[in-house]
Amino acid sequence: MAQKVIRTFVDDLTGEQSKHISTHSILIDGAGVEIDLTDENYETLLEQLNPYLHADGARRIRGARVSKKARSASVGQEEVSAIRAWARTNGYEVNDRGRVPAAVREAYEQTR
Numbered sequence: 252m253a254q255k256v257i258r259t260f261v262d263d264l265t266g267e268q269s270k271h272i273s274t275h276s277i278l279i280d281g282a283g284v285e286i287d288l289t290d291e292n293y294e295t296l297l298e299q300l301n302p303y304l305h306a307d308g309a310r311r312i313r314g315a316r317v318s319k320k321a322r323s324a325s326v327g328q329e330e331v332s333a334i335r336a337w338a339r340t341n342g343y344e345v346n347d348r349g350r351v352p353a354a355v356r357e358a359y360e361q362t363r
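For the sequence shown, our numbering assigns the number 252 to the initial residue and increments by one for each residue that follows.
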């Protein structure tokens, strides 16, 4: 017996079907959701949130309960390499491999 499986990707906002849909995690006040959006709708979401995310008093948080998949996607290897380079330039000791200490990450984020 043969089976044919068809996966359909649907934008949660518009119901549009597309091959170019990604899942995004959003956490507000400890409540998280995952939403599937086209690149265009995700960009629109970011544009709408931008004033709030970059307000003078806004701070990045660490330790929020986000899935391992979302966490690994949020900090790519290029960013980790940049953090390590910045840390060494600024007198921090960091290993070539493994996890970058939270204090180093926080110091790096404060410079951005």
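Just so it is clear, CB atoms sit at the ideal spot from N, CA and C, and this is done for glycine as well.
Residue i and residue j closer than 9 Å at C-beta
i	j	result
V331	R339	no
S276	G266	no
Y293	S273	yes
Residue i burial status per 10 Å Cβ neighbour count (16 or more: buried)
i	result
I334	buried
S318	Its pLDDT being 47, under 50, S318 is placed unreliably in this model, and the value from its coordinates should be taken loosely. Looking at its Cβ environment, which holds fewer than 16 other Cβ atoms inside 10 Å, S318 is exposed.
Supposed contact pair residue j and residue i - C-beta distance, whole angstroms, cut 8 Å
i	j	result
L264	L297	In fact, because the Cβ distance is near 13 Å, the residues do not count as touching under 8 Å.
V261	Q254	About 21 Å separates the two Cβ atoms, so there is no contact after all.
Cut-off 8 Å between Cβ atoms - residues of its own chain near residue i, not counting five sequence neighbours on either side
i	result
V355	I334, A338, Y343, V345
E360	R311
V243	Residue 243 is absent from the model: the chain starts at 252 and stops at 363.
D347	R335
Residues of its chain near residue i, where Cβ-Cβ distance is below 7 Å and the 5 sequence neighbours each way are ignored
i	result
H271	T289, D290
Neighbourhood of residue i by C-beta, 6 Å cutoff - its chain only, sequence neighbours within 5 removed
i	result
E285	T274, S276
R310	none
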